[in-house]
Ligand code: NDP
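In the working numbering, the protein residues as written are 1146 to 1589.
Written out as structure tokens, the structure reads:
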């Protein structure tokens, strides 16, 4: 049994009932085999065993009272996975599906993603099984305040800097920050994704979606192509999906479909993003309404069917495991040539295999959606330097980072003899820097 196989087997035995964590660890560790073969000193130093074990896991009770006076109790999590290259950094997810396995898979991915940005940030992730859907602003505030009343003691501007993720946007970050500031009596960059009036950065809202388009644009460019005239399908209709759509459209693409967790809309004339934004950002409503408002468009209940719509480029931007083997095969059969992952782990291992075997240019999440956390790191730099950069300045840095990520993962894949395999490239390029730092810092 090889070193990687042993570590994986042990991980599955010691972390039972954590399928998403197993899936992410399997994807990452199997691609690292050629690196650990080249560096036998890693095995001696127990590097992989330490890499897959979080430095710290915090789990806590989050009690709160709803508008009718009823008491609710949710679970809170913060996984501080790896601080070898910088303070823990990663989002908070509020969704009923959240459990330790999901937070650990996201945290493990985050280590390599953050490393790929080239910025000094370690990996972490957190969240709660709280469902923000249908809650009043007061209920959201009550929950966020209770969540932060425990979380504050574990985080800090130089220790751990959370941000948003599914179910955590500007409103939630505002309530969380307000509570942190009240308890600690310090106005510091302890959360990113803050409002512009209290330390936020321009472009942070757009960053993950824009970054996804910038890296895909680079992949197209080196192949003599562009977004101009391409048909694009985007899943989700949240923060990442909306700004990916906006940037793709501005580059001449036609985005024909999007979804929320109930069903998908298809608009052969190209999605009218103002309507989507009004429904999802302003009214916090359901995407179904789009078909009632935009003539020529249709709504279909259920999400899966979105991948049967023929497209040149597919951008999954909602959640994990949205694209299974069947969906991947349908995309390939319909002529899809590029897949860029806006969401974290939206493709199953089988789906990735199908894309790669069929020559689809596949940009994995940890590279493709790194624009969000990269811009968060730019927000941290502005906070600590008491500076405020222009939209153009931040956007230019974001684009530069995404273009660099593309070339880094491309080169790493080539160096190890896997040209065009960006899963290998991203894992190897991200891991090398973390491994170097961990080796330098001793057995800790
Ligand atoms: P949002 O909460 O803003 O939007 C999530 C979207 O996905 C919504 O349209 C939601 O539908 C849909 N969705 C959520 N769960 C499911 C599900 N189980 N099935 C179908 N649809 C679902 O989140 P974000 O846009 O911020 O995040 C989307 C993805 O991008 C996540 O994987 C996240 O980890 C990843 N990501 C986000 C970053 C960021 O900066 N925000 C950075 C890097 C990655 P509904 O409206 O019905 O809930």
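Idealized CB from N, CA, C, for every residue including glycine.
field: Between the CA atoms of residue 1495 and residue 1567 - distance to the nearest angstrom
entry: C-alpha of residue 1567 to C-alpha of residue 1495: approximately 16 Å in a straight line.
- prompt: residue 1409 and residue 1450: beta carbons closer than 8 Å?
  reply: Cβ distance < 8 Å, so residue 1409 and residue 1450 count as in contact.
message: the ligand NDP and residue 1353: does the residue's C-beta get closer than 7 Å to at least one heavy atom of that ligand?
response: True, at least one ligand heavy atom lies under 7 Å from that Cβ.
query: Going along the chain, which residues of its own chain have a beta-carbon closer than 7 Å to the beta-carbon of residue 1179, five neighbours each way excluded?
result: Cβ neighbours of residue 1179 within its own chain (closer than 7 Å, five residues either side excluded): 1561.
message: Let me make sure I understand the geometry here. Which of 1208, 1168 and 1188 has the alpha-carbon closest to that of residue 1251?
response: Residue 1251 has its Cα closest to that of 1168, out of 1208, 1168 and 1188.
query: Which full runs of the alpha helix (DSSP H) of 4+ residues lie inside the segment 1536-1581, going along the chain?
result: As far as the segment 1536-1581 is concerned, its whole alpha helix (DSSP H) runs of at least 4 residues are 1536-1560.
- prompt: When DSSP builds the beta bridges, which residues end up paired with residue 1221?
  reply: Paired residue(s): 1205 and 1273.
message: Measuring only from the beta carbon, is residue 1306 closer than 7 Å to any heavy atom that is part of the ligand NDP?
response: Incorrect: residue 1306 has no Cβ contact closer than 7 Å to the ligand NDP.
query: Do the CB positions of residue 1314 and residue 1340 come within less than 8 Å of each other?
result: No; because the gap between Cβ atoms is not below 8 Å, this pair is not in contact.
- prompt: How do the segment 1496-1511 and the segment 1324-1331 stand: do at least 3 beta-carbon pairs fall below 8 Å, yes or no?
  reply: No, because fewer than three Cβ pairs between the segment 1496-1511 and the segment 1324-1331 fall closer than 8 Å, the two stretches do not touch.
task: Could you tell me whether the segment 1176-1194 touches the segment 1267-1275, using the rule of 3 or more Cβ pairs below 8 Å?
output: Remark: fewer than three beta-carbon pairs, one from each stretch, lie closer than 8 Å, so the segment 1176-1194 and the segment 1267-1275 are not flagged as touching.
task: For residue 1547, collect the residues of the same chain with a Cβ closer than 6 Å to its Cβ; drop the 5 residues on either side in sequence, then sort them by chain order.
output: Taken in chain order, the residues that qualify are 1356, 1359, 1360 and 1516.
task: Quick one: using the 10 Å Cβ neighbour count with 16 as the cut-off for buried, is residue 1491 buried or exposed?
output: The residue is buried, with at least 16 neighbouring Cβ atoms inside 10 Å.
Ordered list of alpha helix (DSSP H) runs contained in the segment 1455-1515, each at least 4 residues: Given a length threshold of 4 residues, each whole run of the alpha helix (DSSP H) inside the segment 1455-1515 is given here in chain order: 1470-1478, 1494-1502 and 1510-1513.
message: DSSP three-state label for residue 1417, please.
response: Coil.
message: Checking 8 Å against the spacing of the C-beta atoms, do residue 1187 and residue 1204 come in under that value?
response: Not a contact, by the Cβ cut-off of 8 Å.
- request: Pull up the distance between the alpha-carbon of residue 1536 and that of residue 1364, whole angstroms please.
  value: In this structure, the CA atom of residue 1536 is about 24 Å from the CA atom of residue 1364.
Per DSSP, cross-strand counterpart(s) of residue 1445: In DSSP, residue 1445 forms a bridge with 1409.
message: Quick test of the definition: if touching needs 3 or more C-beta pairs under 8 Å, does the segment 1521-1532 touch the segment 1506-1513?
response: Contact fails: fewer than three Cβ-Cβ distances are below 8 Å.
query: Per DSSP, residue 1149 forms a beta bridge with which residues?
result: Answer is none; residue 1149 lacks a bridge partner.
- request: Check whether the segment 1256-1267 touches the segment 1538-1553, counting contact only when three or more Cβ pairs, one atom from each stretch, lie closer than 8 Å.
  value: A contact exists between the segment 1256-1267 and the segment 1538-1553.
query: Can you tell which of 1466, 1407, 1418 and 1476 has the C-alpha that lies nearest to the C-alpha of residue 1446?
result: Cα-wise, what sits closest to residue 1446 is 1407.
query: Nearest CA to the CA of residue 1214: which residue from 1150, 1247 and 1283?
result: Restricting attention to 1150, 1247 and 1283, the CA atom closest to the CA of residue 1214 is found in 1283.
message: Give me the DSSP bridge partner(s) of residue 1288.
response: Beta-bridge pairing links residue 1288 to no other residue.
field: Rounded straight-line distance, which links the Cα of residue 1240 to that of residue 1582
entry: Residue 1582 and residue 1240: Cα-Cα distance of roughly 34 Å.
- request: Give the DSSP-derived three-state secondary structure of residue 1423 in the structure shown.
  value: If DSSP states are grouped into helix, strand and coil, residue 1423 belongs with the helices.
message: With DSSP as the reference, identify every bridge partner of residue 1239, one or two as the case may be.
response: Note: residue 1239 is bridge-paired with 1273 in the DSSP secondary-structure output.
- prompt: Heavy atom of the ligand NDP less than 7 Å from the Cβ of residue 1240, yes or no?
  reply: For the ligand NDP, at least one heavy atom lies less than 7 Å from the Cβ of residue 1240.
message: Can you check which of these residues, 1430, 1199 and 1347, is closest to residue 1540 by C-alpha distance?
response: Comparing Cα-Cα distances from residue 1540 to each of 1430, 1199 and 1347, the minimum goes to 1347.
field: Whole alpha helix (DSSP H) elements within the segment 1277-1353, 4-residue minimum
entry: With a minimum length of 4 residues, the continuous alpha helix (DSSP H) runs that stay inside the segment 1277-1353 are 1282-1296 and 1315-1329.
query: Does the ligand NDP have even one heavy atom less than 7 Å from the beta-carbon of residue 1454?
result: No, the Cβ of residue 1454 stays beyond 7 Å of every heavy atom of the ligand NDP.
8 Å Cβ cutoff met for residue 1164 and residue 1242: Cβ atoms of residue 1164 and residue 1242: not closer than 8 Å.
- prompt: Would you call residue 1585 buried or exposed, if buried means 16 or more other Cβ atoms sit within 10 Å of its Cβ?
  reply: With a 10 Å radius around the Cβ and a threshold of 16 neighbouring Cβ atoms, residue 1585 comes out exposed.
field: Candidates 1438, 1295 and 1431: closest to residue 1417 by CA position
entry: Per the C-alpha coordinates, the member of 1438, 1295 and 1431 positioned closest to residue 1417 is 1438.
- request: For the beta strand (DSSP E) containing residue 1402, list its first residue and its last residue.
  value: Where residue 1402 is concerned, the enclosing beta strand (DSSP E) stretches over 1399-1404.
task: Give the C-beta separation of residue 1354 and residue 1392 to the nearest angstrom, bearing in mind that I take them to be a contact with Cβ-Cβ under 8 Å.
output: The pair is a contact, with the Cβ atoms about 6 Å apart (cut-off 8 Å).
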